[in-house]
Amino acid sequence: MKKNQPWVLIFILFSSLSLFGQQMFQHLLGLNSFPDYTWTGAGPDTNWTTATNWNGNIVPGSIHTAHFICAACTTHCLATINASISVAGIDIQTTYNSTITQAPGFTVTVGTSGFSQSGGTFAGGNSDILINSDFILNGGTFNSTTARLQLGHGSTVTGSVAMVAPGLYSHNNGTVELGGGGSGGLVATLNMNGATFYNLSLKDRTSAGVSFNFPGT
Numbered sequence: 197m198k199k200n201q202p203w204v205l206i207f208i209l210f211s212s213l214s215l216f217g218q219q220m221f222q223h224l225l226g227l228n229s230f231p232d233y234t235w236t237g238a239g240p241d242t243n244w245t246t247a248t249n250w251n252g253n254i255v256p257g258s259i260h261t262a263h264f265i266c267a268a269c270t271t272h273c274l275a276t277i278n279a280s281i282s283v284a285g286i287d288i289q290t291t292y293n294s295t296i297t298q299a300p301g302f303t304v305t306v307g308t309s310g311f312s313q314s315g316g317t318f319a320g321g322n323s324d325i326l327i328n329s330d331f332i333l334n335g336g337t338f339n340s341t342t343a344r345l346q347l348g349h350g351s352t353v354t355g356s357v358a359m360v361a362p363g364l365y366s367h368n369n370g371t372v373e374l375g376g377g378g379s380g381g382l383v384a385t386l387n388m389n390g391a392t393f394y395n396l397s398l399k400d401r402t403s404a405g406v407s408f409n410f411p412g413t
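Residues in the sequence shown are numbered consecutively from 197, following my numbering.
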């Protein structure tokens with residue numbers, strides 16, 4: 197019986213490695229099922245600028261949408277915006293249950309794909325958040341910046357919508373500025389469902405004019 201023990205150990209070791217390999221393969225397949233520029237938190241820290249924290253190992257840029265999905269997280273689901281960023285869009289899905297923090301001193305610029313949040317928490321800092329397109333809050337919690345949340349920033353197309361479900365928006369003593377700065381005629385719709393503003397500013401910096409609609413309460 198003792199002579200067979202090495203073979204038993206080898207079999208157990210091989211089986212364990214095979215199981216580990218299968219699990220890793222399944223995990224990698226799972227990650228690859230998510231879009232590129234999806235937060236995985238697989239890097240050594242929680243920093244936005246760490247490439248290995250993103251599916252595809254590339255930090256999202258001005259033509260990319262950053263996605264946040266709980267199932268894609270590995271080590272760090274928390275995300276820290278540790279530099280001024282410019283992305284096409286930010287998409288925080290219902291399953292995301294962690295926090296994205298805008299660190300002090302860094303501006304967040306979101307392009308024509310807009311900002312959409314259905315889960316988790318976005319914690320604003322003390323610098324501007326500039327959104328070119330739609331700002332949609334369907335779930336989670338959005339704690340705004342203490343500086344300026346500008347909706348319709350630089351917009352060159354008709355249609356900038358702010359839709360906020362009740363109880364999701366916290367003003368954080370910051371300013372909400374509604375109005376574009378591009379060449380198109382901006383039609384801005386603000387539906388905050390009873391949200392409280394600390395300071396609301398309506399501005400027209402477009403060459404074709406701007407109109408504001410305030411549906412609901």
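Quick reminder that beta carbons are idealized off the backbone N, C-alpha and C, glycines included.
Given the structure is predicted, the values throughout are model-derived calculations rather than measurements.
Nearest to residue i (by Cα), restricted to the options the options
{"i": "Asn369", "options": "Gly301, Cys269 and Gly320", "result": "Gly320"}
{"i": "Ile285", "options": "Trp244, Thr303, Tyr394 and Ser312", "result": "Contrary to the premise, residue 285 reads as Gly rather than Ile in this sequence. The option with the nearest alpha carbon to Gly285 is Ser312."}
{"i": "Leu364", "options": "Ala275, Asn334 and Leu386", "result": "Asn334"}
{"i": "Ala275", "options": "Leu386, Leu326, Thr246 and Phe393", "result": "Thr246"}
{"i": "Pro231", "options": "Pro240, Thr337, Gln289 and Thr308", "result": "Gln289"}
{"i": "Ala279", "options": "Gly257, Thr291 and Asn387", "result": "Gly257"}
{"i": "Leu326", "options": "Gly336, Gln298 and Thr337", "result": "Gln298"}
{"i": "Asn253", "options": "Thr242, Asp330, Trp235 and Ile259", "result": "Trp235"}
{"i": "Gly301", "options": "Phe338, Thr342 and Phe264", "result": "Thr342"}
{"i": "Val283", "options": "Gly348, Thr305 and His263", "result": "Thr305"}
{"i": "Ala391", "options": "Leu374, His367 and Thr308", "result": "His367"}
{"i": "Gly375", "options": "Gly307, Leu347 and Thr337", "result": "Leu347"}
{"i": "Ile296", "options": "Ile259, Thr248 and Gly336", "result": "Gly336"}
Alpha-carbon to alpha-carbon, residue j and residue i
{"i": "Ser340", "j": "Thr261", "result": "20 Å"}
{"i": "Thr271", "j": "Val360", "result": "31 Å"}
{"i": "Ile281", "j": "Ala267", "result": "24 Å"}
{"i": "Trp244", "j": "Asn387", "result": "30 Å"}
{"i": "Thr291", "j": "Thr242", "result": "19 Å"}
{"i": "Asn251", "j": "Phe264", "result": "11 Å"}
{"i": "Val255", "j": "Asp287", "result": "15 Å"}
{"i": "Thr248", "j": "Ser229", "result": "17 Å"}
{"i": "Ile259", "j": "Gly307", "result": "8 Å"}
{"i": "Thr354", "j": "Cys273", "result": "At Thr354, the pLDDT of 47 sits below 50, so the modelled position is not reliable and the matter cannot be decided from this model."}
{"i": "Tyr233", "j": "Phe393", "result": "32 Å"}
{"i": "Thr303", "j": "Phe318", "result": "14 Å"}
{"i": "Ile208", "j": "Ile277", "result": "With a pLDDT of only 44 at Ile208, under 50, the local geometry of the prediction cannot be trusted, and no value is derived from it."}
Whether residue i touches residue j by CB criterion (7 Å)
{"i": "Ser294", "j": "Gly315", "result": "no"}
{"i": "Leu345", "j": "Val372", "result": "yes"}
{"i": "Cys269", "j": "Gly239", "result": "no"}
{"i": "Pro362", "j": "Asn395", "result": "no"}
{"i": "Ser323", "j": "Gly310", "result": "no"}
{"i": "Phe338", "j": "Ala358", "result": "no"}
Span of the beta strand (DSSP E), counted from its first residue to its last, around residue i
{"i": "Ala319", "result": "Val304 to Ala319"}
{"i": "Asn416", "result": "No answer is possible for residue 416: it lies beyond the span of the chain, which begins at 197 and ends at 413."}
{"i": "Thr297", "result": "Thr295 to Gln298"}
{"i": "Leu347", "result": "Arg344 to Leu347"}
{"i": "His336", "result": "Per the sequence presented here, residue 336 reads as Gly, with His not at that position. Where Gly336 is concerned, the enclosing beta strand (DSSP E) stretches over Phe331 to Asn339."}
{"i": "Leu326", "result": "Ile325 to Ile327"}
{"i": "Thr371", "result": "Thr371 to Leu374"}
Cβ of residue i within 7 Å of any chain D Cβ
{"i": "Leu386", "result": "In the displayed structure, chain D is absent; only one protein chain is listed."}
- [ ] Kindly provide the ranges of any beta strand (DSSP E) runs that are 3 or more residues long and lie completely inside the stretch 226 to 291, ordered along the chain.
- [x] 261 to 264, 275 to 277 and 281 to 288
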